[in-house]
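Participant:
In my numbering, the protein residues as written are 17 to 350.
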């Protein structure tokens, strides 16, 4: 049967919600500790999709596409133009990101996934994206198709359910406003490594230091997060920030009330992307403090951002009991 792809409209809401509910249940089956469902996932999905379709002035572009076989909706993709964080140059403009909430129905024609992905790519390029990103859970059905279409791993999101309690060390403490210059210096090393790993994607902004300093001062006033530094003889060797998860990585069907995120995390012992220094003992102690802080706030799981090519960081996370849950893939448009 012939497949057609097109932008979704509000009349497709029921079919989209059914597809995304199946998708969410499959994700939950892969890792119930990370992808637990809200009490009424069907309603949550429909509300979120409707809200994105009805938004008159959204903060960023969103697009839902559907695949249709005859009269049946057999697939859906969700994409956005991803705002560039202020500390990065964004020389290629906002990347186009194919989100986690995409699904193809069981029994759909074999070419459905390929056709939907091509349609999503074309739509993002038409909207101005020069860098394309795509998300897939570990063990998910989209990753093989991304690889066939020329995408390569960029960022991994490691996760663990069941968090550790604090193991205090003299060289790890909460950050203070006086630490901001040290945080900026440590972040500059982190950004330099990121740029080496993926120069076109992680090129720092010329004003990155100043912008990061502003964000650190602001972050120190926010009560929903915990910030730690590794301080050895008055020198900041690393920093870690843990905070609540947001909907950015978790589709609406999933309960994020007890999930945290560690995005900003760096230690000098990871500055060699290929191998840990001193077996990463100082980095592990710093990371432990950030993880334990989410445990003390009642969280059960954490998602941790890790570049796919940063082997030493991946090693540290694996040693801490984490495994990959999501991969973002990258492809240059054109």
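For each residue, glycine too, the CB sits at the ideal point set by N, CA and C.
All of these numbers come straight from a predicted model, not from anything done at the bench.
Excluding the 5 residues flanking residue 4 on each side, which residues of the same chain have their C-beta closer than 8 angstroms to its C-beta?
Facilitator: Past the edges of the chain, shown from 17 to 350, lies residue 4, and the structure says nothing about it.
Participant: Specify, as a first and last residue, the run of the beta strand (DSSP E) that residue 158 falls within.
Facilitator: Run containing residue 158: none in the beta strand (DSSP E); it sits in the alpha helix (DSSP H), 158-164.
Participant: In the DSSP assignment, find the unbroken alpha helix (DSSP H) run with residue 212 in it and report its ends.
Facilitator: Run containing residue 212: 196-213, per the alpha helix (DSSP H) assignment.
Participant: Let me check one thing: in DSSP terms, what residues is residue 172 bridge-paired to?
Facilitator: 322, 343
Participant: Within 8 angstroms, do at least three Cβ pairs link the stretch 308-328 to the stretch 172-180?
Facilitator: yes
Participant: Taking residue 339 as the reference, give the member of 346, 147, 329, 233 with the closest Cα.
Facilitator: 329
Participant: Three-state secondary structure (DSSP) at residue 108?
Facilitator: In the three-state DSSP reduction, residue 108 falls in the coil class, being neither helix nor strand.
Participant: In angstroms with no decimal places, state the Cα-to-Cα distance between residue 54 and residue 33.
Facilitator: 14 angstroms
Participant: Rounded to a whole number of angstroms, what is the C-alpha to C-alpha distance between residue 138 and residue 75?
Facilitator: 22 angstroms
Participant: Assign residue 96 to buried or exposed, taking buried as 16 or more other Cβ atoms, counted over all protein chains shown, within 10 Å of its Cβ.
Facilitator: buried
Participant: Suppose you measure from the CA of residue 116 to the CA of residue 51; what does that come to, to the nearest Å?
Facilitator: 12 angstroms
Participant: What separation, rounded to the nearest whole angstrom, lies between the Cα atoms of residue 280 and residue 184?
Facilitator: When the Cα atoms are used, residue 280 and residue 184 turn out to be separated by approximately 20 angstroms.
Participant: With burial defined as no fewer than 16 other Cβ atoms inside 10 Å of the residue's Cβ, what is the status of residue 190: buried or exposed?
Facilitator: exposed
Participant: Check for me: the beta strand (DSSP E) holding residue 151 runs from which residue to which?
Facilitator: Note, residue 151: beta strand (DSSP E), 147-153.
Participant: Classify residue 166: buried if its beta carbon has 16 or more other beta carbons within 10 angstroms, exposed otherwise.
Facilitator: exposed
Participant: Which same chain residues, not among the five before or five after residue 224, have their C-beta less than 7 angstroms away from its C-beta?
Facilitator: 103, 207
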